[in-house]
Every structure is written in C-alpha cells, then in structure tokens.
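Report on one structure; see the data block that follows.
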Amino acid sequence: MSPRRSTSGGLIDRTRTVRFTFDGENLSGHAGDTLASALLANGVSLMGRSFKYHRPRGVFSAGVDEPNALVTLLRGGVREPNIPATQIEIYDGLRAESQNRFPSLAWDLGAVNQLGGRLIGAGFYYKTFMGPVIGPLKGTRFWMMCEHFIRRAAGLGRADYEADPSRYERVNAFCDVLVVGGGIAGLMAAEAAAKAGKRVILAEQEPVTGGFARWSGETNEGKQAHEWASNLTARLASLDNVRLLTRTAVWGYYDGNTLAALERVHDHVARTPKGHPRQRHWTIRATDVVLATGALERPIVFPGNDRPGVMLAGAARRYAAEFGILPGNRTIFFTNNDSAYEAAATIKRAGGHVAAIVDVRARISSAASELATAAGVSPLTGHAIVGTKCGKTLSRVFVQAYDAASGTLSGDARPLECDSLAVSGGWQPVLHLASQAGAKPVWDEEKQAFLPPEPTQRWAGAGAFLGTFGTVDALGSGRDAGLKCAGKRPSRGKLPEIAPEPLDLTPAPVLEIRGKGKAFVDFQHDVIADDVRLAHREGFVSVEHLKRYTTLGMATDQGKTSNVPGLAIMAAARGITIPEAGTTRFRPPYSPVAIGAMAAERYGDLKPERYTPIHDWHVDHGAEMTPAGLWHRPLVYAAAGETVEQAYIREAAAVRRSVGIVDVSTLGKIAVKGPDAATFLDRVYTNTFSTLKVGKARYGLMLREDGIAFDDGTTWRLGETDFLMTTTTANAGAVMQHLEYCLDILWPELKVHLTSVTDQWAGAAIAGPKARAVLERCVTGTRVDNETLPFMGIVHGEIEGAPVMICRLSFSGELAYEVYCAAGYGTLIWEALMEAGEPFDITPYGMEALGALRIEKGHVTGAEIDGRTTARDLYLDWMLSKKKPFIGSGLMDRPALIDKNRLRLVGVISLDGQKLGGGAHLVERGTPDEPGESIGHVTAFCYSPALQKYIGLALVRGGKARHGTRAYLSDPLRKRFGQVEIVSHHLFDPDGERMHG
Amino acid sequence: MLIDCPHCGPRDLAEFSYQGDATRTRPDLASTDTKAWLDYVYHRPNPAGRHREFWQHAGGCRAHLVVERDTLTHEIFTVSFARKTSGGDAA
Amino acid sequence: MVERASPLGSDFRPGSYGDFVEGTGVTILEALKGSIVEASAWPGEEKTLAENLSAICRLKLSASPGSGAANREGTCAFNIGPGRFIVSGQGEALAGVIIAAIDESVGTVTDLSHGRAVFAVEGPKVEWVLAKLFALDFSLSAFPVHTGRATAHHDLFVQIQRRGEKRFELYVFRSFARAFAKTLRRASEDVGYAIR
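Protein chains in written order, with this note's numbering: chain L, 1 to 997; chain R, 998 to 1088; chain U, 1089 to 1284.
Pasting the structure below:
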C-alpha cells in the first residue's frame, strides 16, 4: 500500500485499516500506528516547519523526545496545537494539520527567514525589541507594528480562541510503590514489589508496555521480547494490588514523594464516551518510587543535521521493528557508538538498504563489525558527516576523514548518495524526574552521560535510567529496585535468559562536527551550535544564562535531545569539562500538559455556589440573584418592567413606609461556648461583652493586631457561657480562623469552644414601622412588645410550631427584628412571615435596597471596613473600651493612625441630580479632563428614597471637618464629573428615633 | 508538599493555611510598650533555612500546628500542635 | 412535629445517570439525620467525653484521632479533630439528649442538625469516585470501617465517615449541599450512578 512500509513484520495490526487526514489529504494507516509512523508509511517525510527559520523538518524520533514533527489536531471543532506526531495514536477520522507554515507546508513564505539567519541568532528578541534607541523609528508605533509581524513569524502552532469543550478530571492515588516506566526494568520492578505484597502503580507513557522490548528483536526466555513483556504485563494486570496505567506520563516529581501524571484516557479514539474524561490528571503519593524512565538517544551536531530524512538511529530501528517502516530506500548511519550497528542490521533485516555506516571512531568492536556485515556494509570508520544536501528530502551527505581524538577533519569531503540518514550520538538516561526531586545529575566521563545522583527523596533507579543499557542489566536492576522498595535485599535468583548478548554502548566523546552551515542543537527552538558560541562570546556562559539567552532546551520538548550536546559545545568553548559547565535543573512538566487537565473539575465552576435555605422561594418570586462571595443572594425582586433601580427604590421605600423582609441567613454565625467565653469576647472585641446580660445582644467591633478595623457584628448572649456571634457575610471564614488562632496560640488557657453554625440557622430580618405588628400576628409562645422585647433584646418563641429566636436589632434604622430558626424550617418561617405581613403589604427586599437603607443610616460594611480604616476613621471610637486591653489596643493609637488628616467616613449628596459611582474620587477643584488632587473616594452610593436624592458614603481626608463643604466627584472611567456636598454619614434619622419607636 | 498533621496524618498542603512566623512572642495583652508591639506585628527575620511557622489544618482538624521546616529545601523536620495540651487519648 | 425541608433542589431526582450501561458504579442518596451535633472536650477530658457519648448513644467510641463507631439504630460518631466529635442519629430528639447529658466540665455540644447535609455514597466504585474529590487514601486498610476524616474539596469542608466496606457518609455545610451534589454527580458519571 505504501512506498515505505515493509511487506511484513512489526506489531501493527495489518488487517485493520485506519483512515485519517493530514493537511486535508486523505491517508490511511494501520491499527497500532502513530501519526508519525503512518505518515512515514505514506511517504510523507516533510511534517513541519521550524520555529524561527521555517526550515522544512521531518520526524526525528519515535517517541516523547520528538522536537520536529509537531502538529495541530482538530477535534470536535477545536484546535489543539503542538502535539508530537510520534505521540498520536491514529483513529478513524483523525484530522491533523502541519504548523508554522504559510500558505502551505511545502511552499512556505516564512522560509525567507533562512536567508536572514545571521540577523536572527541568539538573543535576537532581547536585542531587537528594545527598539532603535536613536533615529526616526525610535519609540514609534511603526516599530511596534514591526514587532507584531516578527513575533508572528516565529512560533509553533496556533492556539484556539474557542473554549475547549473536552472534559478533564483529577484523581488522587496512594500506593506503596510507584513504578515510572513500563519497560523491561519497570515491569520487573513492579512484579517484585507486587509479589512482596506492596500496593503498586505502574505508569507507562506509551499505549503499550514493554518499551525497548517492543523493538529490540531480542528473545527473552525463548520468547520474542515483546511477547515476554506482554505476558508479564498481563500477569501484573491480574493482581489486585497492581494498577497499570498506560498512556500515562508521569510529568512532575514534587516534595513528599508526590508525583503528577497525565493519563490520555480517550485521545486515541474519535469520541470520548459520555461522562468520561478525555484526559485524567493523577496526583500520586507513593511511599517509594522506582524510576525506570529509560534513556533517550542524542543526536550529533553537524551542518545540515536537521534535514527531513535525518532521524535518530534508534528511532529508525523502532520504526522498522515495531511499525514495519523503512526510513528510506538508501539509508546511511552516522554514529559515535555501537547502537547504530544494531539499528542498521534491523533495517537490513526488515528489507531496507544500508548504504553506509559512518563512524567517528577509528576502531570498532568485533560485535559491531559482525552487525555491519549483517547489515551488508563495511563501516567507514574514522569519518564524519560534515554536510547534507536536500531538495524536498535528503539527497546526499558529505563525509570527510575525522580524527576523534583531536576533533580535526582532513582530506576532501566526498558525497554519498542517500535518502535517509540515521544518527546516534550515544544515550542519555532520562533523569528529569530525579532532577525535579531535587538532586543534581552526575557526569560520567567514561559513559559520556549524566547519571542519576544519590536520591534526595525515596526513589530507586532501574534499567537504562542507571546508565546501564543492556537488557540483562534492566532485568536485574528492575527486580532489585522493586525488592528494595518492598524493604527486601537484592535477589540472587535466576533472571530470564536473553539472546543475543547486549553491546557496550559507550560512545566516543564526539557530539559536534564543526563545519560550514547551520548545525542544529535544539531543533524545536532553532538553536544552532554557533548560537551557543555567540552566547559564550557575549558572556552568557553559565548554563542558566545560556538557556535563557539562546532559549536552548526551553521548547515544549524541554531539550530532551539538545541538552547534552548544548552543554558539550559550551564546555568546549570555555575550555572546561562538561561537569564544570554544569547542568540546569529540570522543571515539571516532563512532557506538555493541557491547562484543562490541571483545571479539571473546576472548569466553568471556579467556585461552588452557596445557597440559603430560602433560595428557592427567592427564585420562584422573581428575585434577580447576585453573587456575594460564594453566596447567591437576591439583588432585587423586580416587578414586570421594573429596572433594578426602580425595584430597589420601591423596596427600600416600602421598608420606611410599612415593612420589608430580607434574607440574612448568610451572616456568619459562630457558637462561642465555655466558661471563659465572656473573657474571650472581651479580648477579641474592642467593647465589653462580659457585662452583657443573658437574653441581650450587643454590637461589637474587632480590630487586627495592627490596630486596623477587622470586622463587626452583633453577638447574642444566649446563656451564661453560651454566645452566638454574628460576623459579616464576607468575613465569616476569616473571623473564625482569627478566633481559632487566638484560642490555639495566644490564650490556650481559655476554656472556649468555637463551632461554625452559619448553616444551622436561617435568618429573616423584618424591618419597618409595621415590623412588630407582623410578628404579633404569627409568633406564639412569647410576647414581642417593647417591654418583653426591647432594643437588643432576645426572645424565644414559635412560628407555625417551629422554634424561633428573635432579636430586636436594626441595620436599616427602622424598628426591626431578626428572626432565626433552624435552617430546615427557613422557608416555612419566611412564608409565615410573608402571610402575617400581607395586611401591611410586606415587601421582600434584596441587596440593593439593603444597601440603600444602610447608606441612608451611615452604617458601615466591608466597603468601609476595607483593611485600611481604623475605628476612629469610621467614628466608632465610642466602641473602644478604655477599661480593658483587646486585640489591636496596643497599636491603635500610633501617631499615623490618629492623624487628623486620615481618610474618614462622611456622607455625600449629589448636587447635580446624577448618580454617584463606587470608587470614584473626590477632588476639591479641577475639570473633568484634569481633576485636581484626590481628597478621598466614594465607598457606596444609591438613590435615597427617604431623601429623594442620590447619596453616598465616602472616605475623605479630614472627615467631619469637611461637613458642609463642597467637592467634585471625579470618575473618568465612567465619564462622570459633578458637584457633591459633604455631610455627616448619618444622612437619615440621625437620632435613631425610628429604630427605638 | 505534605504536612504530617499530628492529628490527621500526612495531608496535602492544600488543606493547610499558613498562619505566620512561630518564633515571635506576643507582648502581654495589657502591654503598652509600642516598640514591643511593633516588633511582634511587623518584624520578621525571614531566614533562608530552618524556620518555625504556624500552619492551621483548616481543611482538616482545624488545629494550629508548629511546622519546623527548611525554607530553601522545603524539608519538614517536625510538626507539632501549637496548643501544647491538644490531643486525644493517644496523647 | 414540623417537617424539615431538604437542602437539595428539585434536580436531585431518583434515577440512573452517567455511563451506567455496564452497571451502577455508585449510589448517592441524602442520608436523613434527625440529629447531628458537634461535641468538643476540654483538654484532658477527651476520654471522658468519648465515654459519655458512648454511654448516651450506646456506641463504642474511643478518643483516638479519626476513631469512630456506629450502632444498629443508625447512631454513629466519629472524631474530626483533637477532642472533637460528630455524632448523628435518626431521631430528632437525640441532639437535645446529648446536649443535656454532657456536663459543662467535660466539654460543649452544639446542635448542627440543620447545619449539615449528609450524603451517603455506596457501591463498587465508591473509592474511585471519592478519590477524584479528596486527597485521602480510601483503601480499607488506610480508612477502616467506622473511622472518620475531616478534609476539604477546594472551598468545601467535608467530614467523612466510612460506614461500610463500600459505603461512606459525607457531611457538608448545608448551604453547599447543591454545589457538592453537582460535584459528586459529575465525578460519578464515568462509572454510572443512581440517585435514590
């Protein structure tokens, strides 16, 4: 069916055809293919354009390390950019697009950037976007426009503007042993730990476990290695104490052996089943971790090493063995170690043609020679590739004699024909997670690789992660790691027998061949070897500076292929060794994670809604609900055709005229109980509560330790040692924490218990001249007359047979009562009060009317107790007891807090008949365009039905001293400028006659 | 990060809320020594290294804890109840 | 006796939801509790309080962290903090009985019968569903039957008691009942769930 697929072999299911599109073209592959393998099978070698230079790129790897073949997936009308084609399992109907090209992948305008390569080297952005410091373009808009285009030319895939409709979820898991990596070592570790009775989670990022066993071609206990691996996997899956997670990348290793993983639950199928997540974010807390994360192959840096058709030798081997795909018709290998010989032999076995093996080493092992013979070539030792030539795909490479010891080239470069080049620069253990866990990798000169450090958390390494690359080592170290995590000694038991004998993969210390032309270190970010040297010349020599200056290793692949070569080049430029140059610390995530997976269940619902017991009644009676913190409260109960303003004016006027009812269930309520409760309250409130009589309530004010006002509310003494404290709705949680802090840390000797009872009680405030009449019609078991229930008195009774607690207190300035009952009776009581109020046209009112009534009275809320004002600023000094110390009394008299010119509470009245605005500033003089200096700001405003004016509260410099003066409201955002009069904040009924009536 | 709450056992950091420096001493409630109050409220040594902090297990047992930890490595050395007399019958 | 209103809305209706084709992973119901109280001991009185509660409610409650107990009448209790317990039962009178019986020298008792909503979640997938919401180890060995945990799901405080191998009761603030029901239902969709 395809030019590149071998006729047999591989682990794909050739009986099942899968159809997909790439850049709109209909293509097909087989079940088991990745998008990368399926594209290769179809002869597609050009898969993307590079980041900066728009160079044509093909697939470079076969796994998570892919830097080039990034595509955009189109799923359900949503674009998901920058997904490595090597990580996408194809399914029927999959649609993928190439990226960073215009107008098409093959013919890309941006490729002109290649010509300007010298201008857009390392540090280009830093230098360019400073803009010209002299000349006609300095600081102009023209320059900013250029910047827009330059930035657009560089980059990866385009993110979507549409919301991501996918579903994600989060799950927590606990285990004794988490095994990261389901290769040979990981499987052995999981088995050993599971047999010892441990709870094991095994996470493998690929769809199938086995790792290297899937394409090694080895036999294991007489079976093909991949069969051996799948048998072992099946045995593990059958155990109750093992959880197998495939398609799951462990991407973060955090403190306390907490690891983060991403499971791609349904990315491999066209449609996510109903109720299931597309991806699942795992937080795994493991007592012990086995890092069996394997090793990644490094490229060799040489001019033209990024052409389509160039790939890693191990990737070529995997495509041939696992997917039955040949890298080309004529493949050349370029290597500094023996592993490429195995790859060459595999290609040959799969039916490919190996044109040459170019090896920088002068001598090779006999095992390598035998493999070269099997591959049908005699290796070109002591040579290096110094250039490539490329039309649409690779057409030839240039080789030259090379002395690995001195790094010098000699003789003439000669061309070799080929259409594919497989490169191996040796293998680097995947240490990302170990590095994230806090330890610094250690350079091994012999192995020419960073090796795992001593663990700083509870993990054990296994397999290629340790820098030992043979299957025998993987089996042994895997089993030992599993045993170690189970608290057992290494086993001497027989290991499965492996054939053939593994090779020694120690590479020659050659990672760069210097020559003419761009030699790529970081393919994804288009960082070339000369950029690293430029950074060196310009003084950015530390690896951390190198990384930031050149962006080396900062792309989505996190430098999986570029890290070690980049370091080697910098070390060479500085004339020091690689360990002296150092290494950067890896940061999570190991591989990209969708933001949606992190948000998971919080998508769309950032905060839970909190409803009062009377919520449904409000909604059923036309209330427009508004959020107040987490709570949802009625804003207004607008009648048909009424605006919000008309509605609240009507509601507030009804309260002053007759009677209104408002849901106050949201007030914070804390039960304060115990023999020392009164003493405790005396310390946390500025005023005294120990003198409060049982059956009475008192308004209280709390300060912070620094003397600033914190919260206010009434506290009711229900018994000698039993108080019910109310707090503002917004501060309920903070007050509770503050009180708990005081009891736990400041005064542990006090015998006081606190319990949040906010949700236990439903509360309705009845306010207005007819409030008492309403209660008289429905309350039984107690009288509610002035004598029985005086101002700040509390009585207990019943309404409709449900117990109620009634306190006479007022926020509106009217004769008012708060009626509390158990939450489950909330609606019952509310409806009874509505019915009892019918003769008086009782009016339910919302937050807007509540606000208007309190502004008329000058009662403060969170808008005035804003974390900056003191009790004096709010003219609440009468509440500051002089007879006892309390929290905040130590610092409230500091000079700056008693300064006469502080912002203090006043009332303001609009003189032009126009609305005021919250947050608008007040100025003494000026014009709308050039207002003068601010003397304060408006904290709350409304239309006052009682005064028939627009009024507000404000915090103004000097406060009371400005009563009777005029100022201007300056509100440029709302385009409002108008004159106001500053007055007392007691705007209405200053003597409180209505309340006591 | 996990904090090993002496009541609840190891729990995720998200359940805890930071409650300030645990090395300060609050002046006596009745103290009028402004400097002592200013020291208590504002002065923080902010050490790079070992430090004692208050954390409340707000999303758990609500107890305040003294957490001794390294601000550089996040290593936690000890966790104990801030209130010395806390604890169930195990205490 | 006056009837109490449920904090759950009309959309919390009996039925099968989510991907239930292959069976019901969990069943969710509002566990109706006539009484819920929080009882707190003074320092040093934890054991006495646990003994008193055991005697009043006919339970075998100890004062150790996370301990819990339940009896055949459906009365259950569990520890949620140092010296602090949640006690709940079917009858509406129980709260008053406990409040009256605990001496002020031992500790205090606060009625929360209306202040908490209790969800019972049970079924073969209950541990899986709850693991999505809480960073707790729900395995039977780490979270034995009758024991309790105080934890949180983002802004929601939740107190959990294991009532059976595959059954948990979750106590949330009443005002969050609907929000929590929504969260719980969403988390149960992939395994299929029923509301009873």
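All C-beta atoms, glycine included, are put in the ideal place defined by N, C-alpha and C.
The beta carbons of valine 938/L and leucine 905/L sit no closer together than 8 Å.
In the DSSP assignment, glutamine 737/L falls within the alpha helix (DSSP H) that extends over 732-741.
Where proline 415/L is concerned, the enclosing beta strand (DSSP E) starts and stops at 408-417. In the three-state scheme derived from DSSP, where H, G and I count as helix and E and B as strand, aspartate 403/L is classed as strand.
If you ignore the 5 residues before and after valine 265/L, its C-beta comes within less than 8 Å of the C-beta of Arg247, Thr272, His276, Pro277, Arg278, Gln279 and Arg280, all in its own chain and listed in chain order.
Spanning the alpha carbons of cysteine 175/L and valine 1214/U requires a straight line of approximately 18 Å. Counting only the Cα atoms, arginine 704/L lies some 28 Å from alanine 1045/R.
With 16 or more other CB atoms across the displayed protein chains lying within 10 angstroms of its CB, serine 98/L is buried. Using a CB distance below 7 Å, no part of the region 251-262 of chain L faces chain U. Interface annotation, arginine 1059/R: in contact with chain U, CB-CB separation under 8 Å. Assigned with DSSP and collapsed to three states, methionine 725/L falls in strand. Contact annotation: threonine 727/L and leucine 667/L have beta-carbon atoms nearer than 8 Å. For leucine 630/L, the nearest beta carbon of chain U is closer than 8 Å to its own beta carbon. Going by beta carbons, valine 301/L and isoleucine 569/L fall inside the 8 Å limit. For glycine 846/L, the three-state secondary structure derived from DSSP is coil. Within the region 409-473 of chain L, the complete alpha helix (DSSP H) runs of at least 4 residues fall at 432-436.
Under the criterion of beta carbons closer than 8 Å, valine 358/L and phenylalanine 334/L qualify as touching, at roughly 5 Å. At a cut-off of 3 residues, the continuous stretches assigned as beta strand (DSSP E) that sit fully inside the region 856-924 of chain L are 903-910 and 921-923. Fully contained in the region 17-60 of chain L are the following beta strand (DSSP E) runs of length 3 or more, in chain order: 25-31. If you check the CB distance, alanine 1219/U and valine 1260/U do not come in under 8 Å.
Annotation for alanine 1119/U: Val1206, Phe1207, Ala1208 and Glu1257 place their beta carbon closer than 8 Å to its own, counting only its chain and skipping 5 residues before and after. When Cβ pairs closer than 8 Å are counted between the two stretches, the region 737-749 of chain L is seen not to touch the region 785-804 of chain L, the count staying below three. C-alpha of valine 180/L to C-alpha of leucine 202/L: approximately 6 Å in a straight line. Residues of the region 1142-1153 of chain U with a C-beta less than 8 Å from any C-beta of chain R: Ser1150, Ala1151, Ser1152 and Pro1153, listed in chain order. Less than 8 Å divides the Cβ of leucine 681/L from the Cβ of valine 672/L. Scanning Leu718/L, Tyr699/L and Val430/L for the CA closest to the CA of arginine 585/L turns up Val430/L. Within chain U, Thr1239, Ala1240 and Phe1245 have C-beta atoms less than 7 Å from the C-beta of glycine 1056/R, given in sequence order.
For proline 565/L, the uninterrupted alpha helix (DSSP H) run begins and ends at 563-574, by DSSP. Along the length of the region 658-692 of chain L, whole alpha helix (DSSP H) runs at least 4 residues long occupy 677-684, reported in chain order. Neighbours of phenylalanine 1222/U across chain L, judged by C-beta separation under 8 Å: Asn172.
Neighbourhood of histidine 1004/R in chain U, by CB distance below 7 Å: Pro1153, Gly1169 and Pro1170, in chain order. Under the three-pair Cβ rule at 8 Å, the region 761-771 of chain L counts as touching the region 832-840 of chain L. A distance of 8 Å or more separates the beta carbons of asparagine 731/L and methionine 879/L.
The C-beta separation of glycine 917/L from arginine 976/L comes to about 6 Å, placing the pair in contact by the 8 Å criterion.
Within the DSSP bridge table, the entry for tryptophan 716/L names Ala697/L and Leu724/L as partners.
Around threonine 471/L, the same chain offers Ile184, Phe212, Ala213, Ser216, Glu218, Asn220, Ala225, Ile498 and Pro502 as residues with beta carbons nearer than 8 Å, after the five sequence neighbours per side are excluded.
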